[in-house]
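Notes follow once the structure below has been shown.
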Amino acid sequence: MFERLFPRRKPAPAPLPQPNAQLALGALLVRVAFADRNYNAKEIGQIDRILSQTFDIGPIEAAKLRAVCEKLEHDAPDTSDFARILREEVDYAHRLSLGQAMWSVALADGHRHEAEEIQLLAIETALGLTDTDIEALRKEATGES
Numbered sequence: 005m006f007e008r009l010f011p012r013r014k015p016a017p018a019p020l021p022q023p024n025a026q027l028a029l030g031a032l033l034v035r036v037a038f039a040d041r042n043y044n045a046k047e048i049g050q051i052d053r054i055l056s057q058t059f060d061i062g063p064i065e066a067a068k069l070r071a072v073c074e075k076l077e078h079d080a081p082d083t084s085d086f087a088r089i090l091r092e093e094v095d096y097a098h099r100l101s102l103g104q105a106m107w108s109v110a111l112a113d114g115h116r117h118e119a120e121e122i123q124l125l126a127i128e129t130a131l132g133l134t135d136t137d138i139e140a141l142r143k144e145a146t147g148e149s
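According to the numbering used here, the stretch in the sequence shown is residues 5 to 149, in order.
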């Protein structure tokens with residue numbers, strides 16, 4: 005009876021952590037996967053594998069990290085802020101590897117989506133990759149010659 009008269013308030017959500025390179029990468033991977041509005045199990049699995057391999061963590065830790073990154077991607081800064089963190093903390097060669105990883109997420113479901121490719125181009129540009137390298141990443145990922 006009292007519950008109806010005095011409903012409990014939902015606790016305030018925990019504040020999101022400040023993005024670092026790990027969270028910025030995860031959030032950008034999630035952003036690529038969300039770009040076509042079809043966030044599916046294949047993309048989620050690919051993100052978890054990338055996080056696990058990149059940061060040498062187990063699958064459970066990678067899934068937990070991805071969950072934080074999903075919240076961060078939804079509520080946090082735009083792409084350029086995440087990319088700035090990575091530009092400052094990751095050398096160019098490794099940023100190229102991040103581009104490859106993002107393409108693997110975009111293509112994890114077996115389909116090319118214009119929205120994902122547009123998002124990828126924005127991220128690659130924000131990461132400071134050259135036009136030549138961006139084109140090479142796209143061709144490598146899609147099997148174009």
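Even for Gly, the Cβ is constructed at its ideal location relative to N, Cα and C.
DSSP three-state assignment for Arg35, whether helix, strand or coil | Within the sequence shown, the letter at position 31 stands for residue 35. Here Arg35 sits in helix by DSSP.
Do you know how far the Cα of Thr83 is from the Cα of Ser139?
-> Along the sequence shown, one-based indexing puts residue 139 at 135. Along the sequence shown, one-based indexing puts residue 83 at 79. It should be pointed out that residue 139 corresponds to Glu in this sequence rather than to Ser. Spanning the two alpha carbons is a distance of roughly 20 Å.
Can you tell me which of the three DSSP states Leu133 falls into?
-> The sequence position of residue 133 within the sequence shown is 129, counting from 1. Residue state, collapsed to three classes: coil.
When you compare only the Cα positions, how much space is there between Ile51 and Glu92?
-> On the sequence shown, position 47 is the one that residue 51 refers to. On the sequence shown, position 88 is the one that residue 92 refers to. One C-alpha to the other measures close to 22 Å.
Residue burial classification, Gly103 (beta-carbon count within 10 angstroms, cutoff 16) | Along the sequence shown, one-based indexing puts residue 103 at 99. The residue in question, Gly103, is buried, as its Cβ has 16 or more Cβ neighbours within 10 Å.
Go ahead and pull the three-state DSSP assignment for Ala80.
-> What you label residue 80 is simply residue 76 of the sequence shown in a count that begins at 1. Residue state, collapsed to three classes: coil.
By the 10 Å Cβ neighbour count, where 16 or more other Cβ atoms means buried, how is Arg35 classified, buried or exposed?
-> Against the sequence shown, residue 35 aligns to sequence position 31. Buried, by the Cβ-count rule.
Anyone know if the C-beta pair for Leu33 and Leu76 falls short of 9 Å?
-> Translated into positions along the sequence shown, residue 33 becomes position 29. Translated into positions along the sequence shown, residue 76 becomes position 72. Going by C-beta atoms, Leu33 is not nearer than 9 Å to Leu76.
Ends of the alpha helix (DSSP H) at Gln50?
-> Residue 50 sits at position 46 when you count from the first residue of the sequence shown. That run of the alpha helix (DSSP H) goes 45-59.
From Glu148 to Ala97, what distance separates their C-alpha atoms?
-> The sequence position of residue 148 within the sequence shown is 144, counting from 1. The sequence position of residue 97 within the sequence shown is 93, counting from 1. Approximately 22 Å, taken between the alpha carbons.
Consult DSSP for Leu111 and reduce its assignment to one of helix, strand or coil.
-> Here residue 111 refers to the residue found at position 107 when the sequence shown is read from its first residue. Three-state DSSP puts Leu111 in coil, outside helix and strand.
Proximity to Thr146 [Cα-Cα], best of Ala66, Glu121, Thr136, Asp40 | Here residue 146 corresponds to residue number 142 of the sequence shown, with the count starting at 1. When each option's Cα is compared against that of Thr146, the closest is Glu121.
State yes or no: is the C-beta of Gly49 within less than 9 Å of the C-beta of Ala112?
-> Stepping through the sequence shown from its first residue, residue 49 is reached at position 45. Stepping through the sequence shown from its first residue, residue 112 is reached at position 108. In contact: Gly49 and Ala112 (Cβ atoms closer than 9 Å).
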